[in-house]
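Presented below is the structure to which this report refers.
See the structure below:
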């Protein structure tokens, strides 16, 4: 079953908590934090928005209950109607259309599916067709549920699939949104509409550098944030001093531990251990308190 997916759709602000879990760089433990919080917190939906490399399902151990193909719309030029006026190329903010002397070329990889070219075509020479961009997947285990997307290999446009996955979140449940690493378009689309963002970082120069990039992005979006320090205990960068300078609350610390690394590499959650269960329950309680204060 096809799911029409135009980027013209917008995500509404939800009634319940939407907590985005982000990180400036990969490997900081974002998925570690997201999956363990989602498992320890009561009645929380886990949503994996890292559609290019989703891996929350490795820790979920549930049953797939739904799979559906997701598409996005791209323009199709009717050459016999086109008068080469160039209006479509002029209004395209992403330079996805080039008007040549004999034909008009559409670069599908650049198209955001806004529909502006079709709207502004005075000759009525532009229609639209849907192309597959990925798959929406739902998994269930008891009362727990995971929703995620898998972007088609070679597809350059992740935000439309991210929007489709977010549209499946019921308005009456709290949700943990596991975002992709970085600060590019997929991350911005993932955190948009959230109540709060939990930034997972590590006390390394690279981790601190990308924490700074992430915080700047979130403040441009006016989204409140707090920090979880993973691999706490190693030396390399003073994350605490940075957080203090920028009034960024530290909501939890996950210790640097070989045991944690081995469990994570084996696809196991940490909350089977009482100490770690209390740690992630504490982080969730701190997040809720921060959201209620905002």
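Numbering (my numbering), first residue to last: 8 to 301.
A virtual CB, placed ideally from N, CA and C, is assigned to each residue, including glycine.
At the 8 Å Cβ level, is residue i part of the contact set with chain D, yes or no?
| i | result |
| --- | --- |
| residue 161 | Included in the structure is just one protein chain, with no chain D present. |
Please state whether the Cβ-Cβ distance between residue i and residue j is less than 8 Å.
| i | j | result |
| --- | --- | --- |
| residue 72 | residue 146 | yes |
| residue 94 | residue 163 | no |
| residue 193 | residue 167 | no |
| residue 245 | residue 260 | no |
| residue 144 | residue 157 | yes |
| residue 56 | residue 45 | no |
| residue 274 | residue 65 | yes |
| residue 222 | residue 28 | no |
| residue 178 | residue 23 | yes |
| residue 148 | residue 33 | no |
| residue 214 | residue 140 | no |
| residue 217 | residue 155 | no |
Nearest to residue i by CA position, among the options, is which residue?
| i | options | result |
| --- | --- | --- |
| residue 111 | 83, 136, 121 and 127 | 83 |
| residue 291 | 228, 42 and 61 | 42 |
| residue 284 | 299, 272, 300 and 267 | 267 |
| residue 219 | 153, 186 and 255 | 255 |
| residue 137 | 243, 129 and 122 | 122 |
| residue 171 | 215, 58, 230 and 279 | 58 |
| residue 61 | 249, 39, 98 and 224 | 39 |
| residue 67 | 169, 152 and 279 | 152 |
If you count every other CB in all the chains shown that lies within 10 Å of the CB of residue i, and 16 or more means buried, which is it?
| i | result |
| --- | --- |
| residue 282 | exposed |
| residue 37 | buried |
| residue 277 | buried |
| residue 226 | exposed |
| residue 113 | buried |
| residue 272 | exposed |
| residue 269 | exposed |
| residue 209 | buried |
| residue 160 | exposed |
By Cβ distance below 7 Å, which residues in the same chain neighbour residue i in space, the five residues on each side in sequence not counted?
| i | result |
| --- | --- |
| residue 296 | none |
| residue 25 | 182, 184, 200, 201 and 202 |
| residue 86 | 110 |
| residue 230 | 198, 201 and 204 |
| residue 262 | 239 and 240 |
| residue 299 | none |
For residue i, which residues from the same chain have a beta carbon less than 8 Å from its beta carbon, with the 5 sequence-adjacent residues on both sides left out?
| i | result |
| --- | --- |
| residue 150 | 50 |
| residue 134 | 82, 83, 85 and 125 |
| residue 130 | 88, 89, 90 and 92 |
| residue 101 | 117, 118 and 119 |
Apart from the five residues on each side of it in sequence, which residues of its chain come closer than 6 Å, Cβ to Cβ, to residue i?
| i | result |
| --- | --- |
| residue 30 | 37, 188 and 207 |
| residue 211 | 243 and 244 |
| residue 106 | 91, 93 and 96 |
| residue 250 | 234 and 257 |
| residue 80 | 13, 120, 135 and 137 |
| residue 232 | 204, 206 and 225 |
| residue 301 | 231 |
Which one or two residues does DSSP pair with residue i in a beta bridge?
| i | result |
| --- | --- |
| residue 75 | 143 |
| residue 136 | 81 |
| residue 52 | 182 |
Let me check you understand the geometry: is the CB of residue i closer than 7 Å to at least one non-hydrogen atom of the ligand SAH?
| i | result |
| --- | --- |
| residue 278 | The ligand SAH is absent from the structure shown, which contains no ligands of any kind. |
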